[in-house]
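Notes for the one structure printed next.
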Amino acid sequence: TSLGDCCALCPQGYGVAVPCGSSNTECDHYLHVENGSSSQCLPCQVCGQGYGAAMPCGPMDNTVCQRCPEGFYSEEKSDSAPCLPCRLECHEDEVMIRKERKKERKEREKFHYEFQMKQKNPVPLPGLGSVEGKSP
368 TSLGDCCALC
378 PQGYGVAVPC
388 GSSNTECDHY
398 LHVENGSSSQ
408 CLPCQVCGQG
418 YGAAMPCGPM
428 DNTVCQRCPE
438 GFYSEEKSDS
448 APCLPCRLEC
458 HEDEVMIRKE
468 RKKERKEREK
478 FHYEFQMKQK
488 NPVPLPGLGS
498 VEGKSP
């Protein structure tokens, strides 16, 4: 750095987002692409909210995003996080931090019930295994 500290190198699969200067190197997940005789690193595709990574970004493959199916959600933008299954109750070691409004709860309970009825023959999703619904 400009202060005399050594700068970090980015690990494999990552590229320099902000070069070393007054602060250390900042790295970001990048896709390595071969174009004929030259190679370059490109930013990985990021899946938006409501989409999960069906296949995460890797050194040779870009992220494959998929819309979260019914009964699943994604609240973060990521190049690797899959869709997560919805659930309505807290486990014994958890505490509810936000209650849904009555209208939201009724809509979600209806949605959750319909989802459980469809899950009598669960279909495995890539990276998630099978999803099994419990009877209400």
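Numbering of the sequence shown is given in the numbering used here, commencing with residue 368 and proceeding in unit increments. For each residue, glycine too, the CB sits at the ideal point set by N, CA and C.
Listed in chain order, the non-local C-beta contacts of Asp395 below 7 Å within the same chain comprise Tyr381, Gly382, Ala384, Pro410, local neighbours out to five positions each way being set aside. The shortest C-alpha to C-alpha distance from Gly417 to any of Met427, Leu370, Ser441 is the one to Ser441. Cβ neighbours of Val431 within its own chain (closer than 6 Å, five residues either side excluded): Ala421, Met422. By the C-beta density criterion, Ser389 is exposed, having fewer than 16 other C-beta atoms within 10 angstroms. Non-local C-beta neighbours of Pro386 in its own chain, meaning closer than 7 Å and more than five positions away in sequence, comprise Thr392, ordered along the chain. For Glu393, the secondary structure class from DSSP, reduced to helix, strand or coil, is strand.
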